[in-house]
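Encoded as structure tokens, the structure appears first; notes follow it.
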Ligand SMILES: Cc1cc2nc3c(=O)[nH]c(=O)nc-3n(C[C@H](O)[C@H](O)[C@H](O)COP(=O)(O)OP(=O)(O)OC[C@H]3O[C@@H](n4cnc5c(N)ncnc54)[C@H](O)[C@@H]3O)c2cc1C
Ligand SMILES: Nc1ncnc2c1ncn2[C@@H]1O[C@H](COP(=O)(O)O)[C@@H](O)[C@H]1O
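Protein chains in written order, with the working numbering: chain A, 1200 to 1444; chain B, 515 to 836.
Quick look at the structure:
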């Protein structure tokens, strides 16, 4: 089986977000970058599936050279080869078009992505790639088994889940508890150095949208503390002052 | 020109988030002109369809195909694309949700439409088509220009107020021939907590963390939620430990909520938890540790033992609700 996992290169979840250049760029000073947490679940499940079925596991990122260490980390976790489509990821359509083009050429049986990226949180790229390739795309997927050429999935719904069966090839946007995050071991890190990381140029230059300006939310005022023996005061404030009851 | 709204249903009723999406479309039409048409799929009661009118729709296209009561992504996207073309629409509005996202993404390609997700306000039309969306899990916003003629906006909860005084909408049957390939992903069963208030839809959310010590202590939180008409959430360790189901997990790697009121009980306020709740209008924190980071993100706080405070708070709420 040929598996493709698409990963993002995003600020660590504890990062403080700031902008520079007149609020048009992320300020990367002091920010540590990681594989998107949802993409990390997708990768972990892909490694397990590959162990069961054999075949190959490719990781892909649309990004500039700064993302190479993130791709290397994915190789250390268990991917066989990495592809970087060499461009700033301009918007979700732009990214989806690159992935779809590459995925079509590669003839993958299974494409795993994260439920959403944690920078732009669109949750859109998998559905777009699914439409571009004319195959089903299911998200958010919390359980995935491959049985012969049928995928058996659990998809989270607001307030529950649904179980689905779908023939390969398809795309899944993954989230926990699909697998446990994997931490690369020494052997993985050593072998990652010699695995192939191929850089290819983007095929289309098409966007839907452009960011004009980034903004930070207004700072919160100080918390109003209420005595624990006077909960009625809290209720009064929520009703009278905050007007939320 | 017209604005189309994709409606999600649950057990034959229109979801509240979809009604909000209709109200968003109505407010948009007041800005840029055009009429608001909603498209509803599957078995839906006529009472429920009438709510679309109250929320601001002039017309409802109803595809009464029973198979579509379930959220079959490709089939739904196909129907909405046909409705969009028939109506000569140029904008599609839908509520941000797991199904809404999947439909919106496919439609962006089908309709060659610029798509912006997590929209928090009405667009600014003074120069171009500028939409404000939440990014970095609520840690920031991006003002984004949509460059295409057709547009899709996936709207977050509380972007506009829900309208309830709209005129009656005309309901028209709508038919689309759906190929078998639209049903390639087969839903074999569903497992849904019936009757609960859905977390992403709720106006008030009451959330419990590891400070509640164990699943056996959830009833005191449930009592408070019941008194408030609130949905219940939890922190990630709580769902990881299996105390509560995964779909209640709030935060960076869980559900992102934007209710009017979020009450956090026994949750420390780690940055990954805050990421999922900082779009709430008002945050109340109850924690026995005065140094808990959550107090920095809160509007109101009580320092003290949840086991003492919760029952008292529930009683005080009941008093004002009477
Ligand atoms: C990549 C990543 C993603 C993550 N995503 C999420 C996420 O989406 N959501 C999330 O929640 N976490 C997430 N986390 C975990 C997060 O970092 C915290 O570990 C977690 O939020 C802590 O949960 P908690 O506050 O319930 O538990 P704790 O940190 O153990 O806090 C318990 C709190 O309860 C208080 N307390 C104890 N007893 C009482 C009492 N009797 N009365 C009142 N208060 C009491 C304590 O003072 C303490 O503040 C993520 C972590 C990582 C690394
Ligand atoms: N630049 C990118 N390179 C590779 N994969 C991506 C990229 N952006 C998004 N994806 C994939 O698409 C998923 C959904 O992203 P998004 O639509 O941005 O929330 C992510 O979890 C990734 O798996």
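By construction, the Cβ of each residue, glycine as well, lies at the ideal position given by its N, Cα and C atoms. Values in this document were obtained by computation on a predicted structure and should not be read as measured data.
Is the closest heavy atom of ligand 2 to the C-beta of residue i under 8 Å?
{"i": "residue 790/B", "result": "no"}
{"i": "residue 1288/A", "result": "yes"}
{"i": "residue 628/B", "result": "no"}
{"i": "residue 1298/A", "result": "yes"}
{"i": "residue 675/B", "result": "no"}
{"i": "residue 612/B", "result": "no"}
{"i": "residue 1206/A", "result": "yes"}
{"i": "residue 1157/A", "result": "Because residue 1157/A is not part of the residues shown, which for chain A are 1200 to 1444, the question remains open."}
{"i": "residue 1446/A", "result": "The structure shown does not extend to residue 1446/A, since chain A is modelled only from 1200 through 1444, so no value can be given for it."}
{"i": "residue 650/B", "result": "no"}
{"i": "residue 818/B", "result": "no"}
{"i": "residue 1314/A", "result": "yes"}
My assumption, with CB atoms under 8 Å, is that residue i sits in contact with residue j. Please give the rounded CB distance.
{"i": "residue 1226/A", "j": "residue 1217/A", "result": "4 Å"}
{"i": "residue 1308/A", "j": "residue 1202/A", "result": "7 Å"}
{"i": "residue 1265/A", "j": "residue 760/B", "result": "Not a contact, Cβ separation roughly 33 Å."}
{"i": "residue 1297/A", "j": "residue 1261/A", "result": "5 Å"}
{"i": "residue 518/B", "j": "residue 557/B", "result": "No, residue 518/B and residue 557/B are not in contact; Cβ-Cβ is about 21 Å, not under 8 Å."}
{"i": "residue 1374/A", "j": "residue 1339/A", "result": "4 Å"}
{"i": "residue 742/B", "j": "residue 834/B", "result": "So it is not a contact: roughly 10 Å between Cβ atoms."}
{"i": "residue 620/B", "j": "residue 631/B", "result": "Incorrect: roughly 13 Å between the Cβ atoms, too far for contact."}
{"i": "residue 1383/A", "j": "residue 1215/A", "result": "Residue 1383/A to residue 1215/A, Cβ: 26 Å. No contact."}
{"i": "residue 800/B", "j": "residue 813/B", "result": "Their Cβ separation, rounded to whole angstroms, is 13 Å, which puts residue 800/B and residue 813/B out of contact at 8 Å."}
Tell me where the beta strand (DSSP E) around residue i begins and ends.
{"i": "residue 800/B", "result": "796-801"}
{"i": "residue 654/B", "result": "654-660"}
{"i": "residue 1361/A", "result": "1359-1366"}
{"i": "residue 1257/A", "result": "1255-1262"}
{"i": "residue 640/B", "result": "Per DSSP, residue 640/B belongs to no beta strand (DSSP E) and is neither H nor E."}
{"i": "residue 1350/A", "result": "1349-1356"}
{"i": "residue 1408/A", "result": "1408-1414"}
{"i": "residue 1405/A", "result": "Residue 1405/A -> no beta strand (DSSP E), and no H or E assigned at all."}
{"i": "residue 1232/A", "result": "1232-1234"}
{"i": "residue 1342/A", "result": "1336-1346"}
{"i": "residue 607/B", "result": "603-609"}
{"i": "residue 721/B", "result": "718-722"}
Does ligand 1 have even one heavy atom less than 8 Å from the beta-carbon of residue i?
{"i": "residue 779/B", "result": "yes"}
{"i": "residue 1231/A", "result": "no"}
{"i": "residue 828/B", "result": "no"}
{"i": "residue 658/B", "result": "no"}
{"i": "residue 1210/A", "result": "no"}
{"i": "residue 787/B", "result": "yes"}
{"i": "residue 1378/A", "result": "no"}
{"i": "residue 750/B", "result": "yes"}
{"i": "residue 733/B", "result": "no"}
{"i": "residue 800/B", "result": "yes"}
{"i": "residue 1428/A", "result": "no"}
Looking at the unbroken alpha helix (DSSP H) that takes in residue i, where does it start and where does it end?
{"i": "residue 560/B", "result": "560-569"}
{"i": "residue 1293/A", "result": "1291-1305"}
{"i": "residue 1395/A", "result": "Per DSSP, residue 1395/A belongs to no alpha helix (DSSP H); it is in the beta strand (DSSP E), 1395-1399."}
{"i": "residue 624/B", "result": "612-624"}
{"i": "residue 1268/A", "result": "1267-1276"}
{"i": "residue 1443/A", "result": "Counting along the chain, residue 1443/A falls outside any alpha helix (DSSP H), and DSSP gives it neither H nor E."}
{"i": "residue 1329/A", "result": "1324-1332"}
{"i": "residue 753/B", "result": "750-754"}
{"i": "residue 840/B", "result": "The requested residue 840/B is not part of the displayed model; chain B covers only 515 to 836."}
{"i": "residue 741/B", "result": "732-742"}
Quick one: is residue i near chain D, going by C-beta distance under 9 Å?
{"i": "residue 644/B", "result": "No chain D appears in the structure shown, which is made up of the protein chains A and B."}
TODO: Can you give me, in chain order, the residues of the stretch 1412-1440 of chain A that have a beta carbon less than 8 Å from any beta carbon in chain B?
DONE: So the list reads 1412, 1413, 1414, 1415, 1416, 1419, 1420, 1422, 1423, 1424, 1425, 1426, 1427, 1430, 1431, 1433, 1434, 1436, 1437, 1438, given in the order they occur along the chain.
- [ ] Mind checking the stretch 1297-1324 of chain A against chain B and listing, in chain order, the residues whose C-beta falls within less than 7 Å of any C-beta there?
- [x] So the close ones are 1317, 1318, 1319, 1320, 1321, 1322, 1323.
Open item on the list: Tell me which residues of the stretch 1369-1382 of chain A have at least one Cβ-Cβ distance to chain B shorter than 9 Å, keeping chain order.
Closed with: Residues of the stretch 1369-1382 of chain A that bring their beta carbon within less than 9 Å of a beta carbon in chain B comprise 1369, 1372, 1374, 1375, 1376, in sequence order.
Task: Against chain A: residues of the stretch 648-659 of chain B by CB proximity under 9 Å - done: From the stretch 648-659 of chain B, only 648, 649, 650, 651, 652, 653, 654, 655, 656, 657, 658, 659 have a Cβ closer than 9 Å to chain A.
Task: chain A contacts made by the stretch 775-809 of chain B, where a contact means CB separation under 8 Å - done: Going along the stretch 775-809 of chain B in chain order, one finds 775, 785, 786, 789, 792, 795, 796, 798, 799, 809 with a Cβ nearer than 8 Å to chain A.
TODO: Output the residue ranges of the beta strand (DSSP E) runs that lie fully inside the stretch 760-834 of chain B and measure 3 residues or longer, sorted by chain position.
DONE: Listed in chain order, the complete beta strand (DSSP E) runs (minimum 3 residues) inside the stretch 760-834 of chain B are 775-779, 796-801, 814-817.
Task: Minimum length 3: unbroken beta strand (DSSP E) runs contained in the stretch 678-715 of chain B - done: Contiguous beta strand (DSSP E) elements confined to the stretch 678-715 of chain B occur at 684-687, 700-706, taking only those with 3 or more residues.
Task: Residues within the stretch 710-727 of chain B neighbouring chain A, beta-carbon criterion of under 9 Å - done: Along the stretch 710-727 of chain B, the positions whose C-beta sits under 9 Å from a C-beta of chain A are 710, 711, 712, 713, 714, 715, 717, 718, read in chain order.
Task: Members of the stretch 1347-1362 of chain A near chain B, C-beta cut-off 7 Å - done: The residues in question are 1355, 1356, 1357, 1358, 1359, 1360, 1361, 1362.
TODO: Taking a Cβ distance cut-off of 7 Å, strictly less, list which residues of the stretch 1382-1402 of chain A are near chain B, in chain order.
DONE: Residues of the stretch 1382-1402 of chain A whose Cβ lies closer than 7 Å to any Cβ of chain B: none.
- [ ] Scan the stretch 515-564 of chain B and note each continuous beta strand (DSSP E) run of 3 residues or more that stays entirely inside, going in chain order.
- [x] Runs of the beta strand (DSSP E) inside the stretch 515-564 of chain B: 516-520, 549-555.
TODO: Could you run through the stretch 1329-1344 of chain A and flag, in chain order, every residue whose CB is less than 9 Å away from some CB of chain B?
DONE: The residues in question are 1329, 1330, 1331, 1333, 1334, 1335, 1336, 1337, 1338, 1339, 1341.
Open item on the list: Counting only Cβ-Cβ distances shorter than 7 Å, please list the residues of the stretch 746-780 of chain B near chain A, keeping chain order.
Closed with: Shown in chain order are the members of the stretch 746-780 of chain B whose Cβ falls below 7 Å from a Cβ of chain A: 760, 761, 766, 767, 774, 775.
Task: Residues, ordered as in the chain, of the stretch 1231-1262 of chain A that lie near chain B by beta-carbon distance below 8 Å - done: Within the stretch 1231-1262 of chain A, contact with chain B at the beta-carbon level (separation under 8 Å) is assigned to 1236, 1237.
Open item on the list: For the stretch 1202-1218 of chain A, list every residue whose C-beta sits within 7 Å of some C-beta in chain B, in sequence order.
Closed with: Hits within the stretch, in order: 1212, 1213, 1216.
- [ ] Determine which residues of the stretch 619-631 of chain B have a Cβ less than 7 Å from any Cβ of chain A, and write them out in chain order.
- [x] Listed in sequence order: 619, 620, 622, 623, 624, 628, 629, 630, 631.
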